[in-house]
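Right, one structure below, let's go through it.
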Amino acid sequence: MASDRSARLLGGLLLTAGIAHFAVPGPFDAIVPRALPGPPRAWTRASGVAELAVGAAVLLPRSRRAGALAAAGLFAAVFPANVKMAYDWRHRPAPQRAAALARLPLQAPLIAWAVRVSRG
């Protein structure tokens, strides 16, 4: 069924991102907004744990709806980090600037995808 495949893809994306937060935390630390209290690494770890938990919830049929709605919220919550990245990278070479800017509108389809998965 297409909805199961979509849920597996979304769950896999979230699990991969969550693992990356622990395997290669530096890039994530760099985009934590300065306004957040505490060290960036704590936020990187917390968001990694959140992505792992939400990804697992999306993969399990019993928790898929709640997990997918949590994924939509998580995608919205990390948007300020993408804004910070775009701002911080404004003087980098054009391909890097373009990649950072491309992340901004990408959040909308990710949120929509998670909402679709929540509806089964």
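67 is the number that my numbering gives to position 79 of the sequence shown; each next residue is one higher, with no gaps. For each residue, glycine too, the CB sits at the ideal point set by N, CA and C. Predicted, not measured: the structure shown is a model, and the values here were computed from it.
Beta-carbon contacts of residue i that lie in its chain and below 7 angstroms, excluding the five residues immediately before and after
i          : result
residue 59 : -2, 2, 42, 46, 102
residue 72 : 19, 21
Buried or exposed (CB count within 10 angstroms, at least 16 for buried), residue i
i           : result
residue 10  : exposed
residue 36  : buried
residue 4   : exposed
residue 66  : buried
residue 106 : buried
residue 0   : exposed
residue 52  : buried
residue 12  : exposed
residue 38  : buried
residue 48  : exposed
residue 6   : buried
residue 86  : exposed
residue 14  : exposed
residue 23  : exposed
residue 55  : buried
Host alpha helix (DSSP H) of residue i (start-end)
i           : result
residue 101 : 82 to 106
residue 53  : 52 to 65
Cutoff 6 angstroms; reference residue i; Cβ partners in own chain excluding five residues on either side
i           : result
residue 89  : 74
residue 112 : The structure shown does not extend to residue 112, since the chain spans only -11 to 108, so no value can be given for it.
Exercise. Hey, which unbroken runs of the alpha helix (DSSP H) at 4 residues or more fall wholly within the segment -2 to 30?
Worked result: 14 to 18
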